[in-house]
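With this note's numbering, letter number 63 in the sequence shown gets 108, and the count goes up by one each step, no holes.
Positions of the beta carbon are idealized from the N, C-alpha and C atoms, including for glycine.
Owing to the predicted nature of the structure, the values given are computational and were not obtained by experimental measurement.
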Amino acid sequence: MAGIRGKSGPPGNPNAFRHGLAGIAQRRADGVLNPTEQSIREEILFGLLADKGGEAQISTAMRVLAEIIASDVSLLVTFNHAIDGVIQNNPKTRSNPKALAQLNGYKRPLVSSLSGNLQRFGMEKMLKVESLQEIIAGMTDQ
């Protein structure tokens, strides 16, 4: 066998796509997010909660769904970045339909899950519901 023990094969092996993306999936399974992923996750979560009128306006189930969506989006961004790196490092990949299908296969289940969860969450924005006390407090402040 050529190459380094524990690696996928000979150096420059263009068929080793799985190992780079599998490392991302394993990191996610271990619960490790890099700062960029964490930033994207927090931004999406904040936006989703704001769209539903704030954290106090949604149920726990909706909060959990929002967290799942935010995690899926950050993972999708990471996958897209990794796939772009594979294509950039292996220019022949762009003209290889089988390789492109394999790369697309890594993110297709994630995209499907994400779109289903977004449909469950709902696309409409909710206005923040103010309590009577908040309305009165706003009137007395003026």
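Judged by pairs of C-beta atoms under 8 Å, the stretch 109 to 120 touches the stretch 150 to 170, as three or more such pairs exist. Distances from the CA of Arg108 to each of Ile181, Gly167, Gly183 and Thr185 were compared; the closest alpha carbon is that of Gly167.
Between the alpha carbons of Asp129 and Tyr151 lies a distance of about 13 Å.
Put simply, of Asp96, Gln102 and Ala127 the residue whose alpha carbon is nearest the alpha carbon of Ser176 is Gln102.
Minimum Cα-Cα distance from Gln164 among the listed residues Gln147, Leu93 and Asn134 corresponds to Leu93.
Spanning the alpha carbons of Glu112 and Glu179 requires a straight line of approximately 28 Å.
Secondary structure at Asn162: helix, using DSSP grouped into helix, strand and coil. In the assembly as shown, Glu82 is a buried residue. Its beta-carbon has 16 or more other beta-carbons within 10 Å. Within a 10 Å sphere around the beta-carbon of Arg139 sit fewer than 16 other beta-carbons, which makes this residue exposed. The criterion of a C-beta distance shorter than 8 Å is not satisfied by Val131 and Ile85. Per DSSP, Arg86 is one residue of the alpha helix (DSSP H) stretching across Pro80 to Asp96.
For Leu155, same chain residues with a beta-carbon under 8 Å away, outside a window of 5 residues either side, are Asp117, Leu120, Leu121 and Phe124 in chain order. Counting every other CB atom within 10 Å of its CB across the protein chains shown gives Lys137 a total below 16, marking it as exposed. Per DSSP, Glu179 is one residue of the alpha helix (DSSP H) stretching across Leu177 to Asp186.
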